[in-house]
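Those protein sequences? They're chains A and B, same order as listed. Per our numbering, the first sequence starts with residue 2, numbered consecutively. Per our numbering, the second sequence starts with residue 2, numbered consecutively. Backbone N, C-alpha and C fix where the C-beta goes; we use that ideal spot for every residue, glycine too. What follows is a set of notes on a single structure, which appears directly below.
2 protein chains.
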Amino acid sequence: MQLELSVDRGSPVPLYFQLSQQLEAAIEHGRLTPGSLLGNEIELAGRLGLSRPTVRQAIQSLVDKGLLVRRRGVGTQVVHSQVKRPLELSSLYDDLESAGHRPTTKVLVNTVVPVSPEVAATLGVDEAGEVHRIERLRLAHGEPMAYLCNYLPLGLLDLDTRQLEATGLYRLMRAAGITLHSARQTIGARAAGAAEAERLGEERGAPLLTMQRVTFDDTGRTVEFGTHTYRPDRYSFEFQLLVRS
Amino acid sequence: MQLELSVDRGSPVPLYFQLSQQLEAAIEHGRLTPGSLLGNEIELAGRLGLSRPTVRQAIQSLVDKGLLVRRRGVGTQVVHSQVKRPLELSSLYDDLESAGHRPTTKVLVNTVVPVSPEVAATLGVDEAGEVHRIERLRLAHGEPMAYLCNYLPLGLLDLDTRQLEATGLYRLMRAAGITLHSARQTIGARAAGAAEAERLGEERGAPLLTMQRVTFDDTGRTVEFGTHTYRPDRYSFEFQLLVRS
DNA sequence: GTAGTTCGATTGTCCGGACATACGGATTGA
DNA sequence: TCAATCCGTATGTCCGGACAATCGAACTAC
Chain A
2 MQLELSVDRG SPVPLYFQLS QQLEAAIEHG RLTPGSLLGN EIELAGRLGL SRPTVRQAIQ
62 SLVDKGLLVR RRGVGTQVVH SQVKRPLELS SLYDDLESAG HRPTTKVLVN TVVPVSPEVA
122 ATLGVDEAGE VHRIERLRLA HGEPMAYLCN YLPLGLLDLD TRQLEATGLY RLMRAAGITL
182 HSARQTIGAR AAGAAEAERL GEERGAPLLT MQRVTFDDTG RTVEFGTHTY RPDRYSFEFQ
242 LLVRS
Chain B
2 MQLELSVDRG SPVPLYFQLS QQLEAAIEHG RLTPGSLLGN EIELAGRLGL SRPTVRQAIQ
62 SLVDKGLLVR RRGVGTQVVH SQVKRPLELS SLYDDLESAG HRPTTKVLVN TVVPVSPEVA
122 ATLGVDEAGE VHRIERLRLA HGEPMAYLCN YLPLGLLDLD TRQLEATGLY RLMRAAGITL
182 HSARQTIGAR AAGAAEAERL GEERGAPLLT MQRVTFDDTG RTVEFGTHTY RPDRYSFEFQ
242 LLVRS
């Protein structure tokens, strides 16, 4: 079987990226079957008119994604497992939307409040200052699924309630020119109190899935601190992990 | 401030790895302060007697770890945030041990059973075959913390009950020459049934944190399928996420 | 027949160079 | 004063080559 590969040197898209995309697509569509060898780098480079470092860069990016495995003296082969995608820093909104649900959002609170010492510490703002506080209810198919409480520093972006109901918080931040970099998450569970049970349409004492998240942008600023609770019968966290070598 | 860096060309350790380790240590110990520039690659290469590709490889590995950020036309700087480590494919045993707890394990069941259709499907074994089934109770400071139920294909490694009580499953697999590659996890919550409540010293209906995991090795084989339940007052999942660019 | 050895194949590491591209500050112009 | 432009600087991409380390299979010797 000879895989059709080609690169366009006139394109502004980097050559290694063109190649890695074609390889990824070939894996995705089964044209490269799991376990099959990829052919050695030198020969591949020659066939495409590329240098070996360029080919290696393309392959490496797919290795990092967990789609390929390299073995010295053997070759590079396609991982044969149901590897889908590594965990992304994703938003609940995007998760739901890509899963085919039609998420809707109801903004319960959207104000500016004086910070508590705890929030000031995690966001890294002055203890005497103020922060945004938003509370939202996320519904799928009209049913409440999650209750989201977030704190954001002032001046980062303007939080329009209408926009918050139309899309997710992460999209708003990206649209405001903030490039997300990393987040620290804690996932746990606890019994529902009276108020939060009411909000999610559950009974008091029912199990809730909880998530706390602190998000940083690429300059290291803390841009968001959120406390979320989910109905475990309607939502769970699902993701792929890769060992770091 | 001039950072002291040096490489040993006699060492079998790759040069780029020596450099990246030194840089990581410097960041860890605060000798490279957050936000500070790293000095341009060309000059750094010259100072160390290395080529630029080698220096780039070292820097790239730290960028992948989320410790550094590159900006074209500006330079490479240390991320200033409380980034610790990205999420690893780690075992509960290692987690607890590194957190200073003294985990102990009680093996409840360690047998070979005929597969159920569900387990056969996830492990990818024949529906008429058999698999290992182990049930363990993990305790920290003598208190029950998690109940672990795992299925493994036969012939992968021998499961000695004494070894299982002395260490974690992942360590046993690594010791048996299995190189873990990736895992698919699902984290959720539910109310405790009578039996599992009893095992964890909880009451019936108490919230439990649940985790399901399917683990693959580097050849794509499915090597483990586990269903775990945790007492949420004693355990939660905590990890760092990076955006993939 | 079995164990040890050799050898080809393939990736891993490293080098030195070249040009492209984007960011930020300084300069220039209105 | 402010906006547009220029330019230095640093990373991004790409090349061609060299040698080392490792795996697996064929081969050899016992």
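Asked                                                                                                                                                                                     : Found
Output, in sequence order along the chain, the residues in the stretch 159 to 183 of chain B whose CB is closer than 7 angstroms to any CB in chain A.                                    : Leu181, His182, Ser183
Counting only beta-carbon atoms, is A:Glu5 nearer than 8 angstroms to chain B?                                                                                                            : no
Please list, in chain order, all residues of the same chain as A:Pro115 whose beta carbon is under 7 angstroms from its beta carbon, the five residues on each side excluded.             : Glu131
Look at the alpha carbon of B:Met2 and the alpha carbon of B:His81, and state the distance between them as a whole number of angstroms.                                                   : In this prediction, B:Met2 scores a pLDDT of 47, lower than 50, which makes its location untrustworthy; no coordinate-derived value is stated.
Within its chain, find whatever has a CB closer than 8 angstroms to the CB of A:Arg57; leave out the 5 residues flanking it on each side and keep chain order.                            : Glu42
Is there at least one Cβ from chain A nearer than 8 angstroms to B:Ala190's Cβ?                                                                                                           : yes
DSSP beta-bridge partners for A:Gln186?                                                                                                                                                   : A:Arg214, B:Phe240
Out of A:Pro54, A:Thr180, A:Ala195, point me to the one whose CA is closest to A:Thr216's CA.                                                                                             : A:Thr180
Out of A:Arg191, A:Ser12, A:Thr55, which has the shortest C-alpha to C-alpha gap to A:Leu45?                                                                                              : A:Thr55
Answer with yes or no whether the minimum CB distance from A:Gly221 to chain B is below 8 angstroms.                                                                                      : yes
Could you give the first and the last residue of the continuous beta strand (DSSP E) run that contains A:Thr112?                                                                          : 104 to 115
With 7 angstroms as the limit, tell me which residues of the stretch 51 to 62 of chain A have their beta carbon closer than that to any beta carbon of chain B; keep them in chain order. : none
What are the start and end residues of the beta strand (DSSP E) that includes B:Thr228?                                                                                                   : 223 to 231
Leaving out five residues before and five after A:Ala167 in sequence, what residues of the same chain have Cβ atoms less than 6 angstroms from its Cβ?                                    : none
Quick test of your reading: B:Leu201 and B:Arg232, contact by CB under 8 angstroms. State the CB separation rounded to the nearest angstrom.                                              : 5 angstroms
Which of the three DSSP states is assigned to B:Gly47 in this structure?                                                                                                                  : helix
With distances taken from CA atoms, which of B:Glu197, B:Asn111, B:His133, B:Pro208 is nearest A:Gly194?                                                                                  : B:Pro208
How would you label A:Gly74, buried or exposed, when you count the other beta carbons within 10 angstroms and need 16 or more for buried?                                                 : exposed
Rounded C-beta distance between A:Ser37 and A:Ser62? I'm assuming under 8 angstroms.                                                                                                      : Incorrect: roughly 19 angstroms between the Cβ atoms, too far for contact.
Measure the beta-carbon distance from B:Arg214 to B:Ala190 and round it to whole angstroms, keeping in mind my assumption that it falls under 8 angstroms.                                : Wrong, their Cβ atoms sit about 16 angstroms apart, outside the cutoff.
Rounded to whole angstroms, what's the CA-CA distance from A:Val309 to A:Ala192? Just pull it up for me.                                                                                  : Look at the range of chain A in this structure, 2 to 246, and you will see that residue 309 of chain A is not part of it.
Decide if A:His30 is buried, meaning its Cβ has at least 16 other Cβ atoms within 10 Å, or exposed.                                                                                       : exposed
Which term fits A:Gly221, buried or exposed, when burial requires 16 or more other beta carbons within 10 angstroms of its beta carbon?                                                   : buried
Among B:Arg137, B:Gly125, B:Glu25, B:Ser237, which residue has its Cα nearest to the Cα of B:Pro154?                                                                                      : B:Gly125
Relative to the C-alpha of A:Asp159, which candidate in A:His133, A:Ala147, A:Arg137 has its C-alpha closest?                                                                             : A:His133
Counting only C-beta atoms, is B:Arg200 closer than 8 angstroms to chain A at any point?                                                                                                  : no
Between B:Leu16 and chain A, is the shortest Cβ-Cβ distance under 8 angstroms, so that the two count as touching?                                                                         : no
Mapping the DSSP letters down to three states, classify B:Met2 as helix, strand or coil.                                                                                                  : Confidence at B:Met2 is low in this model, with a pLDDT of 47, below 50, so its placement is unreliable and no value can be given for it.
Can you name the residues that DSSP bridges to B:Ala147?                                                                                                                                  : B:Arg139, B:Tyr231
What residue does the alpha helix (DSSP H) around B:Arg163 start on, and which one ends it?                                                                                               : 162 to 167
Measure the C-alpha to C-alpha separation of A:Glu128 and B:Gln241 and round it to an integer number of angstroms.                                                                        : 26 angstroms
In or out: B:Arg139 buried (at least 16 other Cβ within 10 Å) or exposed?                                                                                                                 : buried
My assumption, with CB atoms under 8 angstroms, is that B:His142 sits in contact with B:His102. Please give the rounded CB distance.                                                      : 6 angstroms
Considering only the beta carbon of each residue, do B:Met1 and B:Val224 sit closer than 8 angstroms?                                                                                     : The question about residue 1 of chain B has no answer here: the residues shown for chain B are numbered 2 through 246.
How would you list, in chain order, the residues of chain A whose beta-carbon sits under 7 angstroms from the beta-carbon of B:Gly67?                                                     : Ser183
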